[in-house]
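Heads up: the structure comes next, in structure tokens.
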Amino acid sequence: MTAKPTGAGSEQGTGDEPRRTSVGRYLASQREMRGISLEELAARTRIPGRNLERLESGSMDRDPDGFSRGLVRIVAEALGLDPDDAVMRLIAEPPADAESLKRSARNSRLVSLGLLASAALLAVLVWKLLAGWFAPPTDAEPPALVYRRDPVRALAAEQAALGTRAPVASPRDSESP
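Each residue of the sequence shown is one higher than the one before, starting from 2 at the first, in the working numbering.
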């Protein structure tokens with residue numbers, strides 16, 4: 002899978018190497034093609050020579066972090082290459098073949114089914130919890146009836162049973178002159 006880069010670097014012979022090659026090897030070949038030594042590149046970019054050696058050996062290809070991207074960008078600019086193209090060579094794109102697409106579709110279906118099953122289980126658990134929380138207890142005994150004794154009614158019932166009537170005090174009788 003070879004592709005020619007676009008941009009300012011394409012007229013300088015940057016499209017000859019395939020994109021699968023290491024970005025370090027690519028930058029080293031471009032540097033050698035231009036007749037620039039490693040020490041001269043280090044002086045131009047103010048990047049230590051050991052970092053440039055690590056870059057050209059390909060040890061930074063495994064971890065395209067921000068430092069590596071910045072280093073590739075600076076070296077590409079110093080060599081007169083398109084920095085975006087050089088950084089894109091550093092970042093590996095996933096393969097777009099049919100099998101990987103099928104695998105990712107199958108994985109996404111499995112994930113969505115798992116999420117759906119988890120959501121259903123969670124809904125049932127919440128429903129059971131709330132139903133049990135707000136429902137009256139079924140095995141509890143009914144509350145005992147409490148009878149309060151009303152002394153007035155008890156006296157009235159007692160007098161009714163005896164058949165006697167006690168004189169009811171009137172408000173006039175209780176007043177004293």
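Glycine included, each C-beta is placed from N, C-alpha and C at the ideal position.
- Taking all protein chains in view, the Cβ of Ala106 is surrounded by fewer than 16 other Cβ atoms within 10 Å, so the residue is classified as exposed.
- Taking the Cα positions, Val76 is about 36 Å away from Leu102.
- Glu40 and Leu114 have their C-alpha atoms spaced approximately 58 Å apart.
- For Gly67, the uninterrupted alpha helix (DSSP H) segment begins and ends at Gly67 to Leu80.
- The beta-carbon distance between Gly67 and Gly25, rounded to whole angstroms, is 17 Å. This is too long to meet the 8 Å contact definition.
- Positions of the alpha helix (DSSP H) runs, each at least 4 residues long and wholly inside the stretch 103-171, are given as 152-163 in order along the chain.
- Taken through DSSP and simplified to helix, strand or coil, Arg63 comes out as coil.
- Per DSSP, the unbroken alpha helix (DSSP H) holding Gly50 starts and ends at Gly50 to Ser58.
- In the three-state reduction of the DSSP assignment, Gly36 falls in the coil class, being assigned neither a helical nor a strand state.
- If you draw a straight line from the Cα of Met34 to the Cα of Val112, it is about 50 Å long.
- The beta carbons of Ala29 and Glu57 sit about 4 Å from each other, so the pair counts as a contact at 8 Å.
- For Asp85, the enclosing alpha helix (DSSP H) stretches over residues Pro84 to Leu91.
- A straight-line Cα-Cα distance of about 41 Å links Gly81 and Arg104.
- Check the Cα spacing between Asp151 and each of Glu159, Ala79 and Ala145: the tightest is with Glu159.
- Taken atom to atom, the span from the alpha-carbon of Pro84 to that of Val73 is near 7 Å.
- Apart from sequence neighbours up to five positions away, no residue of its chain approaches Arg149 with a beta-carbon distance below 8 Å.
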